[in-house]
Each structure stands twice: as C-alpha cells, then as structure tokens.
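Residue numbering for the sequence shown follows this note's numbering, beginning at 511 and increasing consecutively.
Built from N, CA and C at the ideal position, the CB exists for glycine as well.
Small disclaimer: the values here were computed from a predicted structure and weren't measured.
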Amino acid sequence: MKKDVINILFAEDYDDDAELLKRHIAKAGIKFSYRIVETRRDFINGLVDFKPDLILSDYSMPSFNGMQALMIRKEMSPLTPFILVTNTLNEDIAVECMKAGADDYVIKQNLTRLVPAIEAALQKQATINEKIEAEKALVESEKTLRSLFQSMNEGICLCKLVYDKDGIPVNYKIADVNQKFENILHTPRTQLIDKKGSDLLNNPIPFKIKEYRRMILEGDSMLMDTFNDKLGKHLLISVIPWESDGFAAIITDITAIKRAEEILRNRNT
511 MKKDVINILF
521 AEDYDDDAEL
531 LKRHIAKAGI
541 KFSYRIVETR
551 RDFINGLVDF
561 KPDLILSDYS
571 MPSFNGMQAL
581 MIRKEMSPLT
591 PFILVTNTLN
601 EDIAVECMKA
611 GADDYVIKQN
621 LTRLVPAIEA
631 ALQKQATINE
641 KIEAEKALVE
651 SEKTLRSLFQ
661 SMNEGICLCK
671 LVYDKDGIPV
681 NYKIADVNQK
691 FENILHTPRT
701 QLIDKKGSDL
711 LNNPIPFKIK
721 EYRRMILEGD
731 SMLMDTFNDK
741 LGKHLLISVI
751 PWESDGFAAI
761 ITDITAIKRA
771 EEILRNRNT
C-alpha cells in the first residue's frame, strides 16, 4: 500500500545540502517527514526509531561514509531503498556501491535525477513488498488448506497420472494423502507417497485409468460404491479432477452403514 507521507532518512553533514535536497523533493509534490543524521550512531538510531521508507546518503562524511551506511542498512534494514547523493563519486566507487545494494546514485550538481531516482526506488520497493505480501498470503492459505486437508473426516488421496512415451496415461502415482486416508488403508503416509496405482491395487492395469483421464479432460467427476476385499470395507469413492493432470479420490468408509442396512433387510425378511 502506497503511503501518503514517506519517512526519509538523510545521512548528510551539510545543512545547506540537506535543505537543497528537501526543496527538490517537496517541489515534486512528494510528501515526507525527515530526519537528518551525520554519525554512525545517529544513523543506526534513525533506522531503529524513525523507520525510514527511503535513505538518501552522502558518500563522504567526517565520521563515516556512504558505503558504511549502506552496509549498516544492508544488515539492519535490507529492504529500505538506498540512494547515494554526493558531490563527487568516481565510477569505480559508484559500481562498488551499486553492487553492494544501493538502488541508485545522484550527483548533487545534477539533481534533476533525484526525484526520478526516488520514484523508481520507491516503486521497486512497492513491487517487492507486494510480492512479499502475496507470498505470505500464499503460505497462510496453504497452511489453512493443509489443516483442512488433514482434519477432514473423509480420506483424501491426491494422484498424478503417469504417461508412456506416446503421452498415453498408463498409471498414476500418489502425490499426497491425509490422515483419514492413512487410517482407512491402515498404511502410513510415508509408505503411500509416490506409490503407483498398479502397485497399490496389485493389478498391472490401474483401476479405471481411462475414465480418470477422460474425467480430467472434461472436468467431470465420478462416484463409486465398492467393497474392498483386502480391507474388508465398503467404500464410497468420489473422484474429481485435481490440477492439470491429476485427480483427487475422496473416500468415505460406509461399512457401518452397509452393515446397518443389511441388518434392517434381514429383519424385514
């Protein structure tokens, strides 16, 4: 989110130069608050207390220089934009500073570059912040989905199709399962991940592989009511597409329901 007023930390030992920089920035319509420092200690305190959105630093100052300020910023506040604004800066030093993480450098005799440099640095930082926030949101979303995945009452098995050299699906392998699926199969997750359907079912031709492929392509779904001899359980299996070449099998153990239905049928006969 763009701030209405930005905090600018000036590392500058000449008051007149600091005033000149402030006038250029204000003239461009940028609203800002500021703090001026000229010692290493004050610079560090400024990073901690003032929390700048931008650092404008002279290169040569009596007690420390721009490169030292850049290194401190890199350690304490690496995402804060940093622009060197100095009277003289030879090409080698400029390259060294840019390699060390400076966003730009401006010569005081050519301050027409100051505002564009500031705007570019702030825009770059805004883009980085948006990316960081998006990544954080994605991580939180994945955590939430993972929690829901693990806490569901139905067993869930996520599978990816396996293709031959001609691009024909010949198998599938398990990408992930939840706790309930482990319980239904009485098999730990570590023994299921990457296991192929043909191995899981003891059948060289995986169950309904063609139907799974058609379902994925058409965005369809499948519902099956089956009895698993090996497990001795009645299972209700709902299969839906998952990602571009996979499917999710959602399994409900309905053994108790089937037994109850059988008891009722026997009583009525």
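query                                                                                             : result
Backbone CA spacing between Leu741 and Lys690 [nearest angstrom]                                  : 14 Å
CA nearest to the CA of Ala456, picked from Lys584, Pro562, Ala647                                : Within the shown structure, residues of the chain are numbered from 511 to 779, placing residue 456 beyond reach of any answer.
Segment contact, 8 Å Cβ cut-off, at least three pairs: the region 557–572 with the region 584–602 : yes
Complete runs of the alpha helix (DSSP H) confined to the region 637–702 [at least 4 residues]    : 689–695
Under 8 Å between C-beta atoms of Gly665 and Asn681                                               : no
Beta-ladder partner(s) of Ile617, from DSSP                                                       : Thr596
DSSP beta-bridge partners of Arg545                                                               : Leu519
Rounded separation between Asp527 and Val649 - CA only                                            : 45 Å
The alpha helix (DSSP H) enclosing Ala770, as first and last residue numbers                      : 765–777
Every unbroken alpha helix (DSSP H) inside the region 554–582 [4 residues or more]                : none
Endpoints, the beta strand (DSSP E) within which Ser708 is located                                : Element bounds for Ser708: not the beta strand (DSSP E) but the alpha helix (DSSP H), 707–710.
Straight-line Cα distance separating Val515 from Asp563                                           : 9 Å
DSSP-derived helix/strand/coil call for Pro591                                                    : coil
Residues sharing a beta bridge with Gly611, DSSP                                                  : Gly611 pairs with nothing; no bridge assigned.
Own chain, CB closer than 8 Å to Pro714, minus 5 neighbours either side, in chain order           : Any reading at Pro714 needs caution, since the residue's pLDDT is 49, under 50, leaving its predicted position unreliable; the model's value is listed next. So the list reads Ser708, once near-sequence residues are dropped.
Simplified DSSP state of Leu791, which is helix, strand or coil                                   : What is shown of the chain runs 511 to 779, which leaves residue 791 out entirely.
Closest residue to Ala612 among Asn620, Ala630, Gln619 (Cα-Cα distance)                           : Ala630
Rounded separation between Ala647 and Asn776 - CA only                                            : 55 Å
Where the alpha helix (DSSP H) through Tyr722 begins and ends                                     : 719–728
Sub-8 Å separation of Ser570 and Thr549 beta-carbons                                              : no
C-alpha distance - Arg623 paired with Ile642, whole-angstrom precision                            : 28 Å
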